[in-house]
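Structure record follows, encoded as structure tokens.
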Amino acid sequence: MNKIASFSIILLALTSILGCNNNADVKVATNQSNVSQNNVSQSKNGNSIPQKVKDNEAVGRNSFDSSIYYASENNPTIKNSDNQIVWKEGNVVLTAAISKAEGEQVSQSNTVISSITVESSNGKYIIDLDKKPLGIQSVGLSKNNQLAVHVRDHEGSRLILLSLSSGKQIVLNDLPNKEAFSEKIDSYNWSPDGNTIAFGIGDIGSSYIALYNTEDKTFSNLSEKDFTLITSVVWHKDGQGFDFLSQTDDTKNPVILYQYTLKDNSISKVTDNLTENEQATLTTKFLPVKIE
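In mature numbering (1 follows the signal peptide of the UniProt record, and there is no 0), the protein residues as written are -24 to -1, 1 to 268.
Listed below in structure tokens is the structure:
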């Protein structure tokens, strides 16, 4: 009986030890699973969790370097007249009809853009807006047949994206997964592959940096920091990030150049010591050509 009792005690002890080990494995697996789910939840509803801007300067950079920037190879032609604007790049032609303002818009401007038509090898499309814009600031064509049309309103501006393949259009100011309509879009630019557009967005007096991916239809707010006014957004040639220029209310540092990198989803300051020529290079050489 003593031998049987001893054997039973040993068996119970072994069972207890094995049971503890199995429970430990389950907890580790659960924690790892939670980590993966948390990583996925960072892009819930297409919105990445806004990142804080690093006070330190961008790694390996502390000055302006235009050689790293991507510039579109195509140069559009623009013809303005009293009754229309014609923008053409390759086989894509945008025609904006100009007419006299009516109703409440009479006090805002003498003329409005009454219609916007886009023609390409894929067909003819009409950009339909609920409110007539007062002008067209610029037009930008991406490599994957997406057209960005930046229109001016009485207060603020809108950015319309038109797919030349499907004819579908969206207004970035009023995306379904954004919390509210934004009054203006500042500077914008297409990535080298044409799939993503980076832009400054906000209400009058504020500007936040954001991304929109045309393939998976996701909007990402990249930072909670208010950059006041984003005057330039310029992608790097490798498509792994971009620089953007912020005009602030700080008299000591009125203009600051920042860098965003896709790899680590981070924003860092490059320099606050840009010359007027360097600022002009950012706004004239690498951005969509201004119409007005």
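No residue lacks a Cβ here, since even glycine has one placed at the ideal position from N, Cα and C.
Neighbour-count burial assignment, residue 130, 16 or more Cβ in a 10 Å radius: Taking the first residue of the sequence shown as 1, we reach residue 130 at position 154. By the neighbour-count rule (16 or more Cβ atoms within 10 Å), residue 130 is not buried but exposed.
Stretch pair the region 171 to 180 + the region 102 to 115: three plus CB contacts closer than 8 Å: Contact between the region 171 to 180 and the region 102 to 115 is absent, because fewer than three Cβ pairs lie under 8 Å.
Closest residue to residue 242 among 266, 185, 49 (Cα-Cα distance): The residue labelled residue 242 in the question sits at position 266 within the sequence shown. When each option's Cα is compared against that of residue 242, the closest is 185.
Residue 210 and residue 223 closer than 7 Å at C-beta: As a working note, residue 210 is residue 234 in the sequence shown. As a working note, residue 223 is residue 247 in the sequence shown. In this structure, residue 223 does not lie closer than 7 Å to residue 210 by Cβ.
Assigned exposure category for residue 79 - 16 Cβ within 10 Å defines buried: Counted from its first residue, the sequence shown places residue 79 at position 103. Exposed, since its Cβ has fewer than 16 Cβ neighbours within 10 Å.
Residue 140 to residue 96 span [Cα, whole Å]: As a working mapping, residue 140 is identified with position 164 in the sequence shown. As a working mapping, residue 96 is identified with position 120 in the sequence shown. Using only the alpha carbons, I get a separation of about 7 Å.
Status (buried if at least 16 other CB within 10 Å, exposed otherwise) for residue 247: In the sequence shown, residue 247 corresponds to position 271, counting from 1. Residue 247 should be labelled buried.
For residue 207, three-class secondary structure by DSSP: Within the sequence shown, numbered from 1, the residue matching residue 207 stands at position 231. Shown here, residue 207 sits in a strand according to DSSP, grouped into three states.
Range of the contiguous alpha helix (DSSP H) that encloses residue 259: Along the sequence shown, one-based indexing puts residue 259 at 283. Counting along the chain, the alpha helix (DSSP H) containing residue 259 begins and ends at 252 to 260.
Opening and closing residue of the beta strand (DSSP E) in which residue 212 lies: If you number the sequence shown from 1, residue 212 lands on position 236. That residue, residue 212, is in no beta strand (DSSP E); it is neither H nor E in DSSP.
Rounded C-alpha distance that separates residue 220 from residue 148: For the purposes of this step, residue 220 is taken as residue 244 along the sequence shown, with counting starting at 1. For the purposes of this step, residue 148 is taken as residue 172 along the sequence shown, with counting starting at 1. When rounded, the distance between both Cα atoms is 18 Å.
Residue 265 - DSSP class collapsed to helix/strand/coil: The residue you call residue 265 lines up with position 289 of the sequence shown. The answer is coil: DSSP assigns residue 265 none of H, G, I, E or B.
Of the residues 150, 260, 128, the one placed nearest residue 194, counting alpha carbons only: As a first step, residue 194 is located in the sequence shown; it is residue number 218 there, counting from the start. Of the candidates 150, 260, 128, 150 places its Cα closest to the Cα of residue 194.
DSSP-derived helix/strand/coil call for residue 95: On the sequence shown, position 119 is the one that residue 95 refers to. Here residue 95 sits in strand by DSSP.
Contacting residues, own chain, Cβ-Cβ under 7 Å from residue 254 (five flanking each side not counted): Position 278 of the sequence shown, counting from 1, holds the residue named residue 254. Taking C-beta separations shorter than 7 Å and ignoring five residues to either side along the sequence, the partners of residue 254 in its chain run 40, following chain order.
Residue 124 to residue 68 span [Cα, whole Å]: Locating residue 124 in the sequence shown gives position 148, where the first residue counts as 1. Locating residue 68 in the sequence shown gives position 92, where the first residue counts as 1. Whole-angstrom Cα-Cα distance: 12 Å.
Buried versus exposed, by CB contacts within 10 Å (16 or more), residue 192: As a first step, residue 192 is located in the sequence shown; it is residue number 216 there, counting from the start. Label assigned to residue 192: exposed.
The beta strand (DSSP E) enclosing residue 195, as first and last residue numbers: As a first step, residue 195 is located in the sequence shown; it is residue number 219 there, counting from the start. It spans 194 to 197 - the beta strand (DSSP E) in which residue 195 sits, taken as one unbroken run.
Of the listed residues 160, 164, 189, nearest to residue 120 (C-alpha basis): Numbered from 1 along the sequence shown, position 144 holds the residue referred to as residue 120. Of 160, 164, 189, the residue nearest in Cα terms is 189.
Counterpart residues of residue 178 in DSSP-defined beta bridges: Along the sequence shown, one-based indexing puts residue 178 at 202. In DSSP, residue 178 forms a bridge with 160.
Buried or exposed (CB count within 10 angstroms, at least 16 for buried), residue 165: What you label residue 165 is simply residue 189 of the sequence shown in a count that begins at 1. A residue is called buried when at least 16 other Cβ atoms come within 10 angstroms of its Cβ; residue 165 meets this threshold and is buried.
Cβ neighbours of residue 159 in the same chain (closer than 7 Å, five flanking residues each side left out): In the sequence shown, residue 159 corresponds to position 183, counting from 1. Non-local beta-carbon contacts of residue 159 in its own chain, meaning distances under 7 Å to residues more than five positions away in sequence, involve 131, 132, 179, 180 in chain order.
Residues bridged to residue 133 (per DSSP): Sequence index remark: in the sequence shown, residue 133 carries index 157 (1-based). Note: residue 133 sits in a beta bridge opposite 128.
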